[in-house]
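Following: one structure in structure tokens, then a few remarks.
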Amino acid sequence: MFKRGILAAFSAASIASSAVAATPWSESGLPVTGNVTVPSGKSIVLDTSLSLTSLTVNGEVLCGDRSINLSAEWIMVHGRFVCGTAEERYTKKLQIVLKGSNQGVNKMGMGAKFLGAMGGGEIELHGEARKSWTRLGE
77 MFKRGILAAF SAASIASSAV AATPWSESGL PVTGNVTVPS GKSIVLDTSL
127 SLTSLTVNGE VLCGDRSINL SAEWIMVHGR FVCGTAEERY TKKLQIVLKG
177 SNQGVNKMGM GAKFLGAMGG GEIELHGEAR KSWTRLGE
């Protein structure tokens, strides 16, 4: 099984910046398993860990102020998927696991397992600030 984790580290600033009133996933009525689509015009706060078959984001998904595990075969973003901002970084743990083993599948031209954006979709992951360089010698 292929497993890829993305660790990001956030606060509630991106939730407050959302133009649409955000609803916690746990109160949204959206499923916690299977193929899930967040509709256009909906803003959902990811406040619970999920094990999905697939996730399509036409609206907006924002990471809540808690550690989250999200697993799916693929995640396609046509809207927005946001965990933190440059000013208010995500300070919890976000683990995204792309699961499955069918290498023969090619969903939307992106393969069998992916976190991708198309059609103006935006993925913003702003984690803990880290030094991205080091001095090797004088």
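Residue numbers (our numbering): 77 to 214.
Where a beta carbon is used, it is the ideal one built from N, C-alpha and C, also for glycine.
Taking the Cα positions, C139 is about 34 Å away from R211. By the CB criterion at 8 Å, S127 and N111 fall outside the cutoff. Straight across, the Cα-Cα distance linking A162 with S119 is about 20 Å.
L191 and E164 have their C-alpha atoms spaced approximately 23 Å apart. By the neighbour-count criterion, in which 16 or more other beta carbons inside 10 Å mark a residue as buried, T109 falls on the exposed side. At a Cβ-Cβ threshold of 8 Å, V137 and G197 do not count as neighbours. In this structure G180 is exposed. Its beta-carbon is surrounded by fewer than 16 other beta-carbon atoms within 10 angstroms. Under the DSSP definition of a beta bridge, L174 partners with A148. The C-alpha of N134 lies about 11 Å from the C-alpha of I151. If you draw a 10 Å sphere on the C-beta of G155, you find 16 or more other C-beta atoms in it, and that means buried. With a 10 Å radius around the Cβ and a threshold of 16 neighbouring Cβ atoms, G117 comes out exposed.
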